Amino acid sequence: ALRWFKRHQSPDGRWDVDGYQANCADGGRCEPGSENTGMAGDIACTGYALMCFLSHGYDQRMPSRYRDTVRKGVDWLIANQNADGLWGERNYEHAIATLAAADAYGISNDPRLREPVTRAVKIILDRQATETAGGYGLGWDYVQPNPARNDASVSGWNVMALKSAMAAGIDVGNGMAGAKNWLLKSWIAANPNHAKLDPYKDTTSFPYTWDAVTGKVEIGAPGADSHDMAAVGALCAVFLGHKKGDIMLETLCNHIERYQQPKAWPVNTYYLYYDSLALAQCDGERFKRWNSTTRDILVKAQRTEETCFDGSWDFTGTKFHGHQTGRLLSTAYCCLALEASYHYAGATAQREGKEKPKREW
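When the sequence shown is numbered by this note's numbering, its final residue is 1798 and no position is left out of the sequence of numbers.
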């Protein structure tokens, strides 16, 4: 997958959602992305691709076969950040770019990145919603702070961005405390009988959106192809301080194992990424069970041939974002899912003087 990303990087350093196939060189040219997402898509997919390298321990400074690839991607992100610190327009692509830039800074200690990441974090904090009464922080909507619409998918990326920024030594203010307030209150709103549940047997759901004003939630049915945000909730719970045995964390992980374990390709690649990362972070035994199936599904589904498709994953039938955006995103999600067990180890290993991960997909 990393070789595929290297081959399909644009000369200017980005990964172009609907133009990456212009870089095909090995016969059997890849197809265009299925959506023209414009600059927002290129920012997000450049962030995703960089995370695939960074999660494996490859950065823009240490000598490696991918140093120039990562450097070009990082340079493109820096060059395309607005003066106020915003990447793109929405809190979605901005958070993904911030996450990638923070990981790159955390690994490399590249001084060029400290100010861009600091400014990007300020945007995240400025756009975080607050409760109308009390002023406590909440989650995020797509653009402006909106306590009436706390979006779990958007909020999840912003929590991860703040987590990586913290790990890199960037001040994130009260952002994580506010996010913890959003996490708990939205989960309670979706699961009013939570106190009666057995954390080791029962399941809970996490809402796609939560209105902090009315208490209303929008939630996908268990196993639905979209808006079932249990994995986002579980991952955020880990990053926001919930420990093994916690009723929220355990019941959300139960939900993942019961309703979202893939059995065959094609899969929902968005769920796959979040599910794998959440289980890897919260429970080693759960992740072993999960990974014993998903790893084989992904390895068998990866394209292995002497064409430009080699190393990628098809997006047809994959559901949700991977299907909508094309081969760049389906390949990124699958690669990141395979890297889930050492994502955060890889993103901090060099900074802490540890040996980087050896596996490559």
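Here a beta-carbon is modelled for each residue, glycine too, at the ideal position from N, C-alpha and C. The structure presented is a predicted model; accordingly, all values stated were derived computationally and were not measured.
At the C-beta level, leucine 1562 and glycine 1484 stay beyond 8 Å of one another.
Taking C-beta atoms under 8 Å as the contact rule, cysteine 1673 and leucine 1620 qualify, at a distance of about 5 Å.
Contact check for threonine 1741 against alanine 1438 fails: the beta carbons are separated by 8 Å or more.
Per the coordinates, the alpha-carbon of serine 1778 lies some 13 Å from the alpha-carbon of cysteine 1489. By a beta-carbon distance limit of 8 Å, alanine 1538 contacts leucine 1550. Their separation comes to about 6 Å.
Glycine 1606 carries a coil assignment under DSSP once its states are collapsed to helix, strand and coil. Two segments are said to touch when three or more pairs of C-beta atoms, one from each, lie closer than 8 Å; by this definition the segment 1581-1593 touches the segment 1647-1656.
Per the coordinates, the alpha-carbon of arginine 1444 lies some 25 Å from the alpha-carbon of histidine 1531. In chain order, Arg1527, Asn1528, Tyr1529, Asp1588 and Val1591 place their CB closer than 7 Å to the CB of tyrosine 1579, counting only its own chain and leaving out the 5 sequence neighbours on each side.
Taking a C-beta distance under 8 Å as the contact criterion, alanine 1541 and leucine 1491 qualify as a contact pair. By DSSP's assignment, asparagine 1587 forms a beta bridge with Trp1647.
Between the segment 1660-1676 and the segment 1612-1631 there are three or more inter-stretch CB-CB distances shorter than 8 Å, so the stretches are counted as touching. Your pair glutamine 1698 and threonine 1730 checks out as a contact, with CB atoms roughly 7 Å apart and the cut at 8 Å.
In the DSSP assignment, glycine 1574 forms a beta bridge with Thr1567. Around the beta carbon of aspartate 1521, fewer than 16 other beta carbons sit within 10 angstroms, so the residue counts as exposed. When secondary structure is reduced to three states using DSSP, glutamate 1687 falls in the helix class. Boundaries of the alpha helix (DSSP H) around arginine 1440: 1439-1444. Where glycine 1510 is concerned, the enclosing alpha helix (DSSP H) starts and stops at 1504-1516.
Rounded to the nearest angstrom, the gap between the Cα atoms of lysine 1638 and alanine 1701 is 25 Å.
In the DSSP assignment, histidine 1631 falls outside any alpha helix (DSSP H), carrying neither H nor E. With a cutoff of 8 Å on beta-carbon distance, proline 1469 and aspartate 1479 are scored as not near each other. Here aspartate 1751 is buried. Its C-beta has 16 or more other C-beta atoms within 10 Å.
The C-alpha of serine 1623 is placed about 7 Å away from the C-alpha of proline 1644.
No residue range can be given for histidine 1493, since it is assigned to no alpha helix (DSSP H) and is classified by DSSP as neither H nor E.
Cβ atoms of glycine 1450 and aspartate 1496 stay farther apart than 8 Å, at about 15 Å. Listed in chain order, the non-local C-beta contacts of serine 1447 below 6 Å within the same chain comprise Asp1453, local neighbours out to five positions each way being set aside.
Under the three-state reduction of DSSP output, glutamate 1552 falls in the helix class. The beta-bridge partner set that DSSP reports for glutamate 1655 consists of Thr1646.
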